[in-house]
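Numbering (our numbering), first residue to last: 1 to 166.
Positions of the beta carbon are idealized from the N, C-alpha and C atoms, including for glycine.
The structure under discussion appears below in the form of structure tokens.
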């Protein structure tokens, strides 16, 4: 057998072998601490959150076809875990009120600066519905600001400030 053929066979066997090593899927439907349990989310905003945010920032991911192929699934699992580490709408109410307020502030900043959703999420036409229009960005940031205003009207000012790290 030629060297090229042997390399292709070895690559094929390796590729097939790694298909058996699958990451855990992000498919919890537990709504106990979900953001919607405390905060009003208009249908238009909820629709945006579902298609542009929740796949990486909740405990329930809608997986695309390529999530069944390794190593893409590993990259995707890492990406989702990292997103949830920064902001998880399914566990939002577990966080102190100052953190919740800060997450709304970060949402406004990231959406206005077009840092979210990540460009890699919409590359090659994947997740095209997650590409936010300027109107959707305004809708989302206006909603987040309204939640911050509600918190400001409800809680003492010092409870909304993130503690300084030492």
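For residue 98, the enclosing alpha helix (DSSP H) has its first and last residue at 97 to 112. For residue 155, the secondary structure class from DSSP, reduced to helix, strand or coil, is coil.
The stretch 154 to 166 makes no contact with the stretch 107 to 120, as fewer than three CB pairs between them are under 8 Å. Counting of Cβ neighbours within 10 angstroms places residue 19 among the exposed residues, the total staying below 16. Residue 91 is positioned such that its CB atom lies no closer than 9 Å to that of residue 46. Taken through DSSP and simplified to helix, strand or coil, residue 60 comes out as strand. In the displayed model, residue 87 falls within coil according to three-state DSSP, outside both helix and strand.
In the structure shown, residue 132 falls within a coil segment according to DSSP collapsed to helix, strand and coil.
Taking all protein chains shown into account, residue 11 has fewer than 16 neighbouring C-beta atoms within 10 Å of its C-beta and is therefore exposed. Nearest to residue 50 by C-alpha distance, out of 88, 73, 38, 95, is 88.
Per DSSP, the unbroken alpha helix (DSSP H) holding residue 120 starts and ends at 119 to 122. Assignment of residue 27 by DSSP, reduced to helix, strand and coil, places it in the strand class. Around the beta carbon of residue 86, fewer than 16 other beta carbons sit within 10 angstroms, so the residue counts as exposed. Ranking 94, 103, 120, 27 by CA distance to the CA of residue 37 puts 94 first.
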